[in-house]
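Quick note: the sequence shown uses my numbering, first residue 6, plus one each step.
For glycine and all other residues, C-beta sits at the position ideal for the given N, C-alpha and C.
Bear in mind the structure is a predicted one, so any value in this text is a computation, not a measurement.
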Amino acid sequence: MAKYLERDKKYLWHPFTQMKDWMGAPQVVIAEGRGEILTDVAGKKYIDGVSSLWCNVHGHRNKKIDAAVKRQIDAIAHSTMLGLTHVKAIELAERLIGIAPRGLTRVFYSDSGAESTEIALKMAFQYWQHRGGEHVKKTRFVALTNAYHGDTIGAVSVGGIDLFHSIFRPLLFSAYFAPAPYCYRCPLGKDRATCKRECLKELEELLEAHAAEIAAMIIEPLVQGAGGMIMAPRGYLAEVRRLCTKYNVLMIADEVAMGFGRTGRMFACEHEGVAPDFLCLAKGITGGYLPLAATLATEEVFDRFLGAPGDHKTFFHGHTYTGNPLACAAALAGLDVFEEEKVLENLQPKIARLSGHLERFRGLDNVGDARQCGMVGAIELVADRESGERFPEEKQVGVGVCLEARRRGLLIRPLGDTIVIFPPLCISNENLDKMMNIIYDSVCEVCGD
Ligand SMILES: Cc1ncc(COP(=O)(O)O)c(C=O)c1O
Numbered sequence: 006m007a008k009y010l011e012r013d014k015k016y017l018w019h020p021f022t023q024m025k026d027w028m029g030a031p032q033v034v035i036a037e038g039r040g041e042i043l044t045d046v047a048g049k050k051y052i053d054g055v056s057s058l059w060c061n062v063h064g065h066r067n068k069k070i071d072a073a074v075k076r077q078i079d080a081i082a083h084s085t086m087l088g089l090t091h092v093k094a095i096e097l098a099e100r101l102i103g104i105a106p107r108g109l110t111r112v113f114y115s116d117s118g119a120e121s122t123e124i125a126l127k128m129a130f131q132y133w134q135h136r137g138g139e140h141v142k143k144t145r146f147v148a149l150t151n152a153y154h155g156d157t158i159g160a161v162s163v164g165g166i167d168l169f170h171s172i173f174r175p176l177l178f179s180a181y182f183a184p185a186p187y188c189y190r191c192p193l194g195k196d197r198a199t200c201k202r203e204c205l206k207e208l209e210e211l212l213e214a215h216a217a218e219i220a221a222m223i224i225e226p227l228v229q230g231a232g233g234m235i236m237a238p239r240g241y242l243a244e245v246r247r248l249c250t251k252y253n254v255l256m257i258a259d260e261v262a263m264g265f266g267r268t269g270r271m272f273a274c275e276h277e278g279v280a281p282d283f284l285c286l287a288k289g290i291t292g293g294y295l296p297l298a299a300t301l302a303t304e305e306v307f308d309r310f311l312g313a314p315g316d317h318k319t320f321f322h323g324h325t326y327t328g329n330p331l332a333c334a335a336a337l338a339g340l341d342v343f344e345e346e347k348v349l350e351n352l353q354p355k356i357a358r359l360s361g362h363l364e365r366f367r368g369l370d371n372v373g374d375a376r377q378c379g380m381v382g383a384i385e386l387v388a389d390r391e392s393g394e395r396f397p398e399e400k401q402v403g404v405g406v407c408l409e410a411r412r413r414g415l416l417i418r419p420l421g422d423t424i425v426i427f428p429p430l431c432i433s434n435e436n437l438d439k440m441m442n443i444i445y446d447s448v449c450e451v452c453g454d
């Protein structure tokens, strides 16, 4: 381990990581993985409770995905999508359209979640420019507080997490923000018992006042991930769709984190019968194997980009590795696994099992809220359960719990003091139980519950 870490600490700069802390602490070097288990270079095994940052779906070294990628290596590793196409990109686009919410008919590939949202924002903007007339004034965006859509400048502009985003404000375009449906810590100070969905009222007022200048609203359906696994009440998403239609604003559904089964359905939008104008996909699209993203759009949007060269209606955006064949082959195999192994049907008892575990946490003194959506769980730790008062930041309670869990053989990452439960969908009941017991014991150990 030491021979790797010495070089890691000498040469690497890790994402979303305070490198001073990183360099001063012991770290884990992963050597291999199988199913939901990761093994470090010293041979210690861990449950991958974070799905390798919310992307692993069917487990590591999945036989079908491994074989598909190997087969594709023997055909071709990369070929461009600019002015050329290839077999796997075509096959995957057809499959994605086949499972996407109704009305989405076109697939634009890229390589990461941030790119998929950046592309949707640019497409929405350009769409209204092509519509012409009064519509050219529709140049602005609506997002939610606590939103996270990636780290490129456009995606950060519609990001609502001050800790990550505020330093960059001078670089960003300004967006409108409506209050997040964060019921545990309602930004409007309401509580669940007396809530009259005032947050939606604020959204509607914003849309009504500014519809003439708003191109699109971007939203993470059902769960705002990086904002703290904030889960919207039932009906919220459908209402957002209704308001977007009413005020002639395009709807961008960012399912980068929740797509591909995480919520218990293939896409989160399905829970409320919502058909967005754009659907952003990444992470789980390849089962967590290779970088690939897709922005799905409607034919109405696509048609507005058609024209003669002199019309300048082309969408001038693309990346070198866009639609990479190895990644597309992994994605196709991942979709086969969903179908052949009835992953979503088999997931339902596991979702119920996770609910049972979360119930136990609700009795702990330092658990303010324990929430769940499908195979995502979030345990919000607080200093005082009655008032919801947070722990002081310097106590780093969430980090402490995750370090304790690591010692006990589980890899998870907190969001502040919210402990995130996000295992691969393939996790066995035995390892799900083990994971939840480790988290329980770690919370008790660190919080003294
Ligand atoms: C909802 C959402 N959108 C976009 C992204 C950005 O994806 P990527 O890290 O692949 O750029 C993330 C990443 O966590 C996400 O959760």
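Of the candidates 246, 242, 226 and 294, 226 places its Cα closest to the Cα of residue 267.
When DSSP reads this structure, residue 229 sits in a beta bridge with 235. Counting along the chain, the unbroken beta strand (DSSP E) around residue 372 starts and ends at 372-378. When the alpha-carbon of residue 237 is set against those of 378, 63 and 86, the nearest one is in 378.
Taking non-hydrogen atoms of ligand 1 into account, the C-beta of residue 276 is found less than 7 angstroms away from none of them. Comparing alpha-carbon positions, the option among 260, 164, 58 and 21 lying closest to residue 242 turns out to be 260. Judged by DSSP in its simplified three-state form, residue 204 adopts helix. DSSP, reduced to helix, strand and coil, places residue 51 within a strand of the structure shown.
Taking a cut-off of 8 angstroms on C-beta distances, the segment 88-99 does not touch the segment 123-137, as fewer than three cross pairs fall below it. For the options 204, 132, 188 and 151, the alpha carbon positioned closest to that of residue 144 is the one of 132. Put simply, the backbone Cα of residue 183 is about 46 angstroms away from that of residue 9. In this structure, residue 170 has its CB at a distance of at least 7 angstroms from all heavy atoms of ligand 1. Between residue 230 and residue 273, the CB-CB gap reaches or exceeds 8 angstroms.
Out of 449, 407, 286 and 84, the CA that lies nearest to the CA of residue 32 is found in 407.
For residue 188, no alpha helix (DSSP H) segment is defined, and its DSSP state is neither H nor E.
Non-local beta-carbon contacts of residue 359 in its own chain, meaning distances under 8 angstroms to residues more than five positions away in sequence, involve 377, 380, 382, 426, 437 and 441 in chain order.
In the displayed model, residue 34 falls within coil according to three-state DSSP, outside both helix and strand.
Between ligand 1 and the CB of residue 125, the shortest heavy atom gap is not smaller than 7 angstroms. Residue nearest to residue 109 within the set 254, 299 and 151 is 299 (criterion: CA-CA distance). With a minimum length of 4 residues, the unbroken runs of alpha helix (DSSP H) contained wholly in the segment 229-308 fall at 241-251 and 304-308. Cα atoms of residue 74 and residue 335: separation of roughly 6 angstroms, rounded to the nearest angstrom. Following the DSSP letters along the chain, one finds residue 45 inside the beta strand (DSSP E) bounded by residues 42-45. In the DSSP assignment, residue 148 falls outside any alpha helix (DSSP H) and lies within the beta strand (DSSP E) extending over 145-149.
Excluding residues up to 5 positions away in sequence, 217 and 218 lie with their Cβ nearer than 7 angstroms to the Cβ of residue 142 in the same chain.
By the C-beta criterion, the segment 317-333 is judged to be in contact with the segment 93-101, since at least 3 inter-stretch pairs fall below 8 angstroms.
The three-state secondary structure of residue 356, taken from DSSP, is helix.
Under the criterion of beta carbons closer than 8 angstroms, residue 211 and residue 187 do not qualify as touching, at roughly 17 angstroms. A Cβ-Cβ contact shorter than 8 angstroms links residue 233 with residue 420. At a cut-off of 7 angstroms, the beta-carbon of residue 425 does not count as near ligand 1: no heavy atom of the ligand is closer than that. The C-beta distance from residue 366 to residue 294 rounds to 32 angstroms, too long to meet the 8 angstroms contact threshold. Rounded to the nearest angstrom, the Cβ distance from residue 413 to residue 443 is 5 angstroms, consistent with a contact under 8 angstroms.
Around the beta carbon of residue 20, a 10 Å sphere encloses fewer than 16 other beta carbons of the protein chains shown; the residue is thus reported as exposed. Between the alpha carbons of residue 307 and residue 389 lies a gap of roughly 52 angstroms.
When beta bridges are read from the DSSP output, residue 113 appears opposite 300. When DSSP states are grouped into helix, strand and coil, residue 338 belongs to the helix group.
Taking 7 angstroms as the cut-off, the C-beta of residue 262 counts as close to a heavy atom of ligand 1.
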